[in-house]
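Q:
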Amino acid sequence: IYTTAALVAVCAAALLVYAYFITQGGVLRTFIQRFENQTSPLPEVIPDGEYTDVCTSFRNVVAQNRECEQELLEKITTDPLTGAFNKVIITQKLEEEVDKTKRYGTPLSFLLFEVDRFARILDRFGAETADQVLCRFTGILQNSLRTHDLVGRYGGNQFLVILPLTDFKYAKNIADRIR
């Protein structure tokens, strides 16, 4: 048997997700309905089984919340077509790398690629084929770079590649290899 003092943190957090459980059903709704007519917000004693059910339900909600948060983060940072960073994020990453370069005096290079004759591909073969070209080009970029290099879709058919700790000579070699 657990006292109210021992459950304050768990129940307070569980009450924050009250709306979720009301719409989805579950043990917390039963728990809250049972005690909502009391003058104190929580009962003095909760049977062991109900405490375990509440904690299990709360853990499940926390796990779902983490998954949703990760999915949302991915959606707001990546280009939905290519999976590369979107323009906002790649621009932020470039600013961060420029700041690091200024602070530590390390080399930094970046490359801007544009898919040649993209308008012609779009006109002649359609949007689906043009999208496939962009996805394929993104894959080529990502497979040609080191793990700490960054790729982002900068515009319709433009891609920005950030090469931290890379001097001009090595950046030129990378650009020639990709071209």
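This note's numbering applies: residue 413 is where the sequence shown begins, and numbers increase by one. Glycine is no exception: its CB is placed at the ideal position from the N, C-alpha and C atoms. Treat the numbers as computed from the prediction; the structure is a model and nothing was measured.
#1: Give the DSSP bridge partners of Glu526, in chain order.
#2: Classify Val474: buried if its beta carbon has 16 or more other beta carbons within 10 angstroms, exposed otherwise.
#3: For Arg558, report the span of its alpha helix (DSSP H) as first-last.
#4: Is it buried or exposed, Lys510, if we count other Cβ atoms within 10 angstroms and call 16 or more buried?
#5: Using three-state DSSP, classify Leu577 as helix, strand or coil.
#6: Which whole-angstrom value is the C-beta distance of Thr559 and Thr494, which I expect to be below 8 Å?
#7: Report yes or no: do the region 510-523 and the region 535-544 share at least 3 C-beta pairs separated by less than 8 Å?
#8: Rounded to the nearest angstrom, what separates Leu575 and Leu553 at their Cα positions?
#9: Just to confirm my understanding: we take Asp491, look at its own chain, exclude 5 residues before and 5 after, and list those with CB closer than 6 Å. What are they?
#10: If the criterion is Cβ atoms closer than 7 Å, does the pair Lys487 and Leu562 meet it?
#11: What residues in its chain sit with their C-beta under 6 Å from that of Thr513, if we drop five residues either side in the sequence?
#12: DSSP three-state label for Gly564, please.
#13: Return yes when the Cβ of Val527 is within less than 7 Å of the Cβ of Asn569, no when it is not.
#14: Near Ile501, which residues of its chain fall below 6 Å by C-beta distance, leaving aside the five closest residues on each side in sequence?
#15: Quick check on DSSP: helix, strand or coil for Pro520?
A: According to the structure data:
#1: Per DSSP, Gln570.
#2: For Val474, the number of other beta carbons within 10 angstroms of its own is below 16, and it is reported as exposed.
#3: Segment: none, Arg558 is in no alpha helix (DSSP H) and carries neither H nor E.
#4: It should be pointed out that residue 510 corresponds to Val in this sequence rather than to Lys. Exposed.
#5: The three-state secondary structure of Leu577, taken from DSSP, is coil.
#6: The beta-carbon distance between Thr559 and Thr494, rounded to whole angstroms, is 18 Å. This is too long to meet the 8 Å contact definition.
#7: Flag = no, the region 510-523 and the region 535-544 do not touch.
#8: Those two C-alpha atoms are separated by around 12 Å.
#9: Asn498, Arg565.
#10: With contacts defined as CB atoms closer than 7 Å, Lys487 and Leu562 fail to qualify as a contacting pair.
#11: Same-chain partners within the cutoff: Leu520.
#12: Of the three classes helix, strand and coil, the one that applies to Gly564 here is strand, per DSSP.
#13: Yes, these two residues count as a Cβ contact at 7 Å.
#14: Correct list, in chain order: Thr489.
#15: A small fix is needed here, since residue 520 is Leu in this sequence, not Pro. In the structure shown, Leu520 sits in a strand (DSSP, three-state: E or B).
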